[in-house]
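In my numbering, the protein residues as written are 12 to 203. C-beta atoms are modelled at their ideal positions from N, C-alpha and C, and glycine is treated no differently. Step one of this worksheet: look at the structure below.
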């Protein structure tokens, strides 16, 4: 039988899923345990089989409950590490980027939604990209830091250095996009 640690390592289930499976197995075990085997027309061999099944279900249910506890600890540590990473990123130079060209450069380099910068046609689109997509980019940086072993300050500094090295190239590459967004925002400002 697989151990609780193997169940956690070999599945993508979260702690609640393991707990639900353990409780489901406990319910099946309880249903079997409530059978009055003496009243049923069963052979001694069949009764022994049911008793063995109850014992096996007890073991399996306990294994899944242990898997739940292990996974819950892992999830708690992951969430704490992610919160610490977000705090680091929000205090870093990445969060201090304010110009359109800097935000577009970071989005283009780091974000899963990098194609959104090319789809800006309205003020709403521009604000969406510079607000939501930029924040999503910061979250992605935070998430990537949680994957690093040990202290997260050094990988954050390395990411900033890498961004600074590529910044001139990103400015040139996305100059048209930046100009488009700035024109859209300037047009809205003139209307007010």
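- Remark: three or more beta-carbon pairs, one from each stretch, lie closer than 8 Å, so the region 141 to 153 and the region 112 to 120 are flagged as touching.
- In the three-state reduction of the DSSP assignment, residue 142 falls in the helix class, which pools H, G and I.
- Remark: C-beta atoms of residue 26 and residue 86 approach each other more closely than 8 Å.
- Short of 7 Å from the beta carbon of residue 199, and not among the five residues preceding or following it, lie these beta carbons of its own chain, in chain order: 134.
- In the structure shown, residue 149 falls within a helical segment according to DSSP collapsed to helix, strand and coil.
- In this chain, the alpha helix (DSSP H) harbouring residue 180 covers 164 to 184.
- 75 is the residue among 187, 35, 126, 75 whose C-alpha sits nearest the C-alpha of residue 19.
- Counting other Cβ atoms within 10 Å of its Cβ, residue 191 reaches 16 or more and is therefore classed as buried.
- Within the region 68 to 146, no complete beta strand (DSSP E) segment of 3 residues or longer occurs.
- In this structure, the beta-carbon distance from residue 137 to residue 93 does not fall below 8 Å.
- Three or more Cβ pairs drawn from the region 96 to 109 and the region 166 to 183 lie within less than 8 Å of each other, which places the two stretches in contact.
- Counting of Cβ neighbours within 10 angstroms places residue 179 among the exposed residues, the total staying below 16.
- Taking the CA atoms as reference points, residue 164 sits about 8 Å from residue 99.
- The alpha carbon of residue 127 has as its nearest neighbour, out of 189, 175, 17, 28, the alpha carbon of 189.
- In the structure shown, the three-state DSSP call for residue 21 is coil.
- Contact check for residue 193 against residue 111 passes: the beta carbons are separated by less than 8 Å.
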